[in-house]
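*Asks:* These protein sequence lines map, in sequence, to chains X and R.
If you use our numbering, the first sequence corresponds to residues 1 to 114, in order.
If you use our numbering, the second sequence corresponds to residues 1 to 109, in order.
For glycine and all other residues, C-beta sits at the position ideal for the given N, C-alpha and C.
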Amino acid sequence: EPEVTQTPSHQVTQMGQEVILRCVPISNHLYFYWYRQILGQKVEFLVSFYNNEISEKSEIFDDQFSVERPDGSNFTLKIRSTKLEDSAMYFCASRGDWGGQPQHFGDGTRLSIL
Amino acid sequence: GIQVEQSPPDLILQEGANSTLRCNFSDSVNNLQWFHQNPWGQLINLFYIPSGTKQNGRLSATTVATERYSLLYISSSQTTDSGVYFCAGGVQGAQKLVFGQGTRLTINP
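#1: Mind checking residue 74 of chain R: buried by the 16 CB within 10 Å criterion, or exposed?
#2: List the whole-angstrom C-beta distance separating residue 3 of chain R from residue 42 of chain X, where the pair is believed to meet the contact cut-off of C-beta under 8 angstroms.
#3: Between residue 96 of chain R and chain X, is there a C-beta pair that is closer than 8 angstroms?
#4: Taking the continuous beta strand (DSSP E) assigned at residue 120 of chain X, which residues delimit it?
#5: Would you grab the beta carbon distance between residue 55 of chain X and residue 61 of chain X for me? Rounded to a whole angstrom, and I think it's under 8 angstroms.
#6: Which residue's Cα is closest to the Cα of residue 75 of chain X: X/12, X/15, X/34 and X/114?
#7: Could you check if residue 40 of chain X is buried or exposed, using at least 16 other CB atoms within 10 Å of its CB as the buried criterion?
#8: Less than 6 angstroms between C-beta atoms, sequence neighbours within five positions excluded: which residues of the same chain meet that for residue 10 of chain X?
#9: Assuming residue 97 of chain R and residue 103 of chain X are in contact, meaning their beta carbons sit under 8 angstroms apart, how far apart are those beta carbons, in whole angstroms?
#10: DSSP three-state call for residue 44 of chain X: helix, strand or coil?
#11: Check whether chain X comes within 8 angstroms of residue 48 of chain R, counting only Cβ atoms and requiring the distance to be less than that.
#12: Using the Cα positions of residue 63 of chain R and residue 114 of chain X, report the straight-line distance between them to the nearest angstrom.
#13: Go through the region 44-92 of chain R residue by residue and report every complete run of the beta strand (DSSP E) that reaches 3 residues or more, in order.
#14: Relative to the C-alpha of residue 112 of chain X, which candidate in X/27, X/20, X/47 and X/93 has its C-alpha closest?
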């Protein structure tokens, strides 16, 4: 069964550094998402992306965050200047462009900011 | 936006017991998914169930869309069922998922 793949599985970064989290969605999917989960809390929506542009973003997704689909297969989340509170598990998800379809999640990237 | 409430927040059972987890929504959704988060943090998709009933082995789920709730049933629990169970709902458009706070299930041997 096709999967959403995320790399790296764990990223440790110094505060203030830029970090890029990478995702390869399922190949024929057209909707892409990033979510995050702070340790011990619920999963929160960050941003959705369709037709090469952001379709919706949450208030968490401020100017420090950006997303990009640089080629036909990758979908990235960039955090420009990381803060301690950015430490979380980040999940990528994708969905097909037809009705009645679930979102498929990757295994996540655990981001630790020191 | 919609609010998602899950109950109970914690559930401790003996191996072999049955359990029912509930998810209530503040508004209608047209996408509803149940997930199991394992100890490694992975979100395992259990069901996509905007309405009706589905079964997969010892697990089944029912969504009553008109009353804005969904139930997840686990029968003959095993220790490997332990973890956090999340439900999440989405509405029209890009259908971002709004997650509940989760139910932490602990199955003791």
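*Replies:* So, to answer that:
#1: Your numbering for residue 74 of chain R matches position 74 in the second sequence. It is buried - the Cβ of residue 74 of chain R has at least 16 other Cβ atoms within 10 Å.
#2: The residue given as residue 3 of chain R occupies position 3 in the second sequence. The residue given as residue 42 of chain X occupies position 42 in the first sequence. Not quite, the Cβ-Cβ distance comes to about 12 angstroms (not below 8 angstroms), so this is no contact.
#3: By one-based count along the second sequence, residue 96 of chain R stands at place 96. Chain X, which has a Cβ nearer than 8 angstroms to the Cβ of residue 96 of chain R, makes this yes.
#4: Given a span of 1 to 114 for chain X in the structure shown, any question on residue 120 of chain X remains unanswerable.
#5: Numbered from 1 along the first sequence, position 55 holds the residue referred to as residue 55 of chain X. Numbered from 1 along the first sequence, position 61 holds the residue referred to as residue 61 of chain X. Incorrect: roughly 12 angstroms between the Cβ atoms, too far for contact.
#6: For this step, residue 75 of chain X is matched to residue 75 along the first sequence. It is X/34 whose Cα lies nearest to the Cα of residue 75 of chain X.
#7: Residue numbering aside, residue 40 of chain X sits at position 40 when the first sequence is read from its first letter. Its Cβ having fewer than 16 others within 10 Å, residue 40 of chain X is exposed.
#8: Here residue 10 of chain X refers to the residue found at position 10 of the first sequence. Answer for residue 10 of chain X: 110, listed in chain order.
#9: As a working note, residue 97 of chain R is residue 97 in the second sequence. As a working note, residue 103 of chain X is residue 103 in the first sequence. The pair is a contact, with the Cβ atoms about 6 angstroms apart (cut-off 8 angstroms).
#10: If you number the first sequence from 1, residue 44 of chain X lands on position 44. Residue state, collapsed to three classes: strand.
#11: Here residue 48 of chain R corresponds to residue number 48 of the second sequence, with the count starting at 1. True, the Cβ-Cβ gap to chain X drops below 8 angstroms.
#12: Numbered from its first residue, the second sequence carries residue 63 of chain R at position 63. Numbered from its first residue, the first sequence carries residue 114 of chain X at position 114. In a straight line, the C-alpha of residue 63 of chain R is about 43 angstroms away from that of residue 114 of chain X.
#13: 52-56, 59-64, 69-74 and 83-90
#14: Position 112 of the first sequence, counted from the start, is the residue given in the question as residue 112 of chain X. Considering only alpha carbons, the answer is X/20.
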